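Novice: In this note's numbering, the protein residues as written are 6 to 187.
1. Under a three-way DSSP split, which group does residue 89 fall into?
2. Out of 63, 51, 110, 56, which one is the CA nearest neighbour of residue 32?
3. Give the single residue among 109, 58, 59 whose Cα lies nearest to the Cα of residue 87.
4. What distance in whole Å lies between the Cβ atoms of residue 113 and residue 102, which are believed to be in contact at a cut-off of 8 Å?
5. According to DSSP, is residue 78 part of a helix, a strand, or is it coil?
6. Applying the criterion that 16 or more other CB atoms from any shown protein chain within 10 Å of the CB defines a buried residue, is residue 89 buried or exposed?
7. Exposed or buried, which one is residue 49 when buried takes at least 16 other CB atoms within 10 Å?
8. Residues in its own chain within less than 8 Å of residue 126 by CB, not counting five upstream and five downstream?
9. Measure the beta-carbon distance from residue 23 to residue 52 and round it to whole angstroms, keeping in mind my assumption that it falls under 8 Å.
10. Using the beta-carbon count (16 or more within 10 Å), is residue 55 buried or exposed?
11. Could you tell me whether the Cβ atoms of residue 43 and residue 80 are closer together than 8 Å?
12. By DSSP, does residue 30 sit in helix, in strand, or in coil?
13. In chain order, what residues of the same chain have a beta carbon less than 6 Å from the beta carbon of residue 5, not counting five sequence neighbours either side?
14. Would you say residue 48 lies against chain B (beta-carbon separation less than 8 Å)?
15. At what residues does the beta strand (DSSP E) containing residue 38 begin and finish?
16. Shortest alpha-carbon distance to residue 75 belongs to which of 106, 94, 97?
17. Return the first residue and the last residue of the beta strand (DSSP E) that residue 21 is part of.
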């Protein structure tokens, strides 16, 4: 049977209220399984009660919400983790911690915006080319390299923005060489 002090320790940490995984899931709209996954990846942290139940500090709600928003925007979790590195997990983040994280978020979003604009420019050139063949297009798929990676939209599944950016910049030609233009 838990004593009053054990119960107090399981709901308080360094003067901050601790929340159960169910409460965090309900408040953030993030599934419990996703919270476990985020914790496995080191995106969030929790403490454990004597009964081995997870408890999250209240300040983790903001971090989890930002992870959720970033994920919905298509930002890979490793980029989100990198952007949140300046924000401590074991103590209440300060305004300066969040400002540093905001600067990193801006850098990540700007890189994604530039990559999307580059992709748009290249695709607009290809649409007018007429070849419309991922097998023959020397601009987007020289020597049908993507076939080795399997079926599906390979260009959109890049591991990170740098991979996407380098794949976009790797073939700097105007127009589609597959149709004899450019």
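Glycine residues also receive a C-beta, built at the ideal position from the N, C-alpha and C atoms. Predicted model, so just to flag it, every value in this text is computed and none were measured.
Specialist: According to the structure data:
1. coil
2. 63
3. 109
4. About 17 Å; that fails the 8 Å criterion.
5. coil
6. buried
7. buried
8. none
9. 7 Å
10. exposed
11. no
12. helix
13. Here the chain comprises residues numbered 6 to 187, so residue 5 is not present and cannot be evaluated.
14. Absent from the structure: chain B. Only one protein chain is present.
15. Where residue 38 is concerned, there is no enclosing beta strand (DSSP E), although the alpha helix (DSSP H) it sits in stretches over 37–46.
16. 106
17. 21–25
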